[in-house]
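Going down the list, the sequences are from chains S and F. In this note's numbering, each residue carries its 1-based index in the first sequence increased by 1. In this note's numbering, each residue carries its 1-based index in the second sequence increased by 1.
Protein chains: 2
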Amino acid sequence: MATLDQTDKHLLNLLQENARFTTKQLALKLSLSPTAIYERIKKLERQNYINRYVALVNPRKIQKDFVAFVMIQLKEHTQASIAAFESEIALIPEIVACFHVSGTYDYLIKVNLDEMSSFRNFMVEKLTKIPHISNTQSAFSIKEVFNHTALKL
Amino acid sequence: MATLDQTDKHLLNLLQENARFTTKQLALKLSLSPTAIYERIKKLERQNYINRYVALVNPRKIQKDFVAFVMIQLKEHTQASIAAFESEIALIPEIVACFHVSGTYDYLIKVNLDEMSSFRNFMVEKLTKIPHISNTQSAFSIKEVFNHTALKL
DNA sequence: ACAGATATAGAATAATATTCTAAATTTACA
DNA sequence: TGTAAATTTAGAATATTATTCTATATCTGT
Chain S
2 MATLDQTDKH LLNLLQENAR FTTKQLALKL SLSPTAIYER IKKLERQNYI NRYVALVNPR
62 KIQKDFVAFV MIQLKEHTQA SIAAFESEIA LIPEIVACFH VSGTYDYLIK VNLDEMSSFR
122 NFMVEKLTKI PHISNTQSAF SIKEVFNHTA LKL
Chain F
2 MATLDQTDKH LLNLLQENAR FTTKQLALKL SLSPTAIYER IKKLERQNYI NRYVALVNPR
62 KIQKDFVAFV MIQLKEHTQA SIAAFESEIA LIPEIVACFH VSGTYDYLIK VNLDEMSSFR
122 NFMVEKLTKI PHISNTQSAF SIKEVFNHTA LKL
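1. Going along chain F in order, which residues have a C-beta closer than 7 Å to the C-beta of S/Leu-13?
2. Report the neighbours of F/Glu-87 on chain S: residues whose CB is nearer than 7 Å to its CB, in chain order.
3. Cβ of S/Arg-53 less than 7 Å from any chain F Cβ?
4. Using 10 angstroms around the beta-carbon of S/Glu-40, count the other beta-carbons present and answer buried if the total reaches 16, otherwise exposed.
5. Give the straight-line distance between the Cα atoms of F/Tyr-50 and F/Ile-38, rounded to the nearest whole angstrom.
6. Which residues, in order along the segment 18-47 of chain F, keep a beta-carbon less than 8 Å from a beta-carbon of chain S?
7. Residue ranges of each beta strand (DSSP E) run of no fewer than 3 residues wholly in the segment 53-137 of chain S, ordered along the chain?
8. How many whole angstroms separate the CB atoms of F/Lys-30 and F/Leu-13, which I take to be in contact at a CB cut-off of 8 Å?
9. Can you name the residues of chain F whose CB is closer than 9 Å to the CB of S/His-101?
10. Step through the CB atoms of chain F and report whether any lies within less than 7 Å of the CB of S/Pro-132.
11. Near F/Phe-141, what residues of its chain come up, given a Cβ to Cβ distance below 6 Å and the 5 sequence neighbours on each side ignored?
12. Does any CB atom of chain F fall closer than 7 Å to the CB of S/Lys-65?
13. Could you name the residues that DSSP lists as bridge partners for S/Lys-144?
14. Could you tell me whether any Cβ in chain F is nearer than 7 Å to the Cβ of S/Lys-127?
15. S/Lys-153 touches chain F at which residues, Cβ-Cβ below 8 Å?
Written out as structure tokens, the structure reads:
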């Protein structure tokens, strides 16, 4: 089924940059009719190339531009321990991403807060309240050089 | 200027989950008129609470669901070295995120590839071809537990 | 080269975004 | 606390876009 041609790839690139392009605008860029663009996008959605459309909010404007990365080691690596940890972590809204990773540490999480002082509170009151955690190591973002949502095709 | 009320926050939450909600749908959810919703969204855009709207593409479907995190140490930390490194890194499309961080390592980058074998190629042919790098440490994503674009208000 | 399937263009329609106006609500401050 | 100005809202009117439909063109596999 369905291998993407250059037009599809171009479309995905454009929609990843700006999901508000109209079919008319896209039609102009890709030298096709709005209908052709429309049908292609619908197909990309049906086939799950496009998962969803979202608004990106400015973290600075809502006082969530202090970013920390925390590497986490679990005490044990049983199925139960992993499942418990992952479901607890999902309940903490400050944690915006969580990856189970290879290496010395088991998890890498990304945390968005307003400032450093909140990080202390986050660690003491939330993260380390989770059982299963053995130890952690944190790194703070000094500067976000870039952080794309788009995957170039 | 402009402090967000509960309606604004609710709106931002909804649009971060699904940017395709129509003003009519949002009006129903928030018990307002479509015009009121429309004006509020336009204001949030004008005031840069909303940066942009994007389509999220399924990494698995486009063979970019192998994820690695690489911590990078620079040889020197001069302004010139930092600037050079950051501009070089920005040219490598596999690197989807780059943060200047505190700690032993200077940078944390996220890389999206198709599979492990490509990672070797990425390291040998691309990343370590960049001068200024002293050493690196990599961790591979075993599982993406979650990775939100939304910041809860 | 041909039949079936798929993609496209253009017209028609439906739905939504956008603008406009007046009323309601909130805000600032006398 | 009262009042004028500013902001927000609702509803109607309009403009734009999404969506459907039909016929034609293009592509695919044999």
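Note that CB positions come from ideal geometry on N, CA and C, so glycine has one too.
By the coordinates alone:
1. Position 12 of the first sequence, counted from the start, is the residue given in the question as residue 13 of chain S. The contacting residues are Val-58.
2. Here residue 87 of chain F refers to the residue found at position 86 when the second sequence is read from its first residue. Going along chain S in sequence order, the residues near F/Glu-87 (Cβ under 7 Å) are Val-146.
3. Taking the first sequence and counting its residues from 1, the one referred to as residue 53 of chain S is at position 52. Interface residue, yes.
4. What you label residue 40 of chain S is simply residue 39 of the first sequence in a count that begins at 1. The residue is exposed, with fewer than 16 neighbouring Cβ atoms inside 10 Å.
5. Here residue 50 of chain F is taken as the residue at index 49 of the second sequence, counted from 1. Here residue 38 of chain F is taken as the residue at index 37 of the second sequence, counted from 1. Going by the C-alpha atoms only, they are around 15 Å apart.
6. Glu-18, Asn-19, Ala-20 and Arg-21
7. 67-75, 96-102 and 108-114
8. Residue mapping note: residue 30 of chain F aligns to position 29 of the second sequence, counting from 1. Residue mapping note: residue 13 of chain F aligns to position 12 of the second sequence, counting from 1. Their Cβ separation, rounded to whole angstroms, is 13 Å, which puts F/Lys-30 and F/Leu-13 out of contact at 8 Å.
9. What you label residue 101 of chain S is simply residue 100 of the first sequence in a count that begins at 1. Correct list: Ser-142, Ile-143, Lys-144, Glu-145 and Val-146.
10. Position 131 of the first sequence, counting from 1, holds the residue named residue 132 of chain S. Not an interface residue.
11. Position 140 of the second sequence holds residue 141 of chain F. Taken in chain order, the residues that qualify are Ala-69.
12. Position 64 of the first sequence, counted from the first residue, corresponds to residue 65 of chain S. Closer than 7 Å to some Cβ of chain F, the Cβ of S/Lys-65 qualifies, so yes.
13. As a working note, residue 144 of chain S is residue 143 in the first sequence. DSSP lists F/His-101 as partners of S/Lys-144.
14. As a position in the first sequence, residue 127 of chain S is number 126, starting the count at 1. Chain F contact via Cβ: absent.
15. Counted from its first residue, the first sequence places residue 153 of chain S at position 152. Simply Pro-94.
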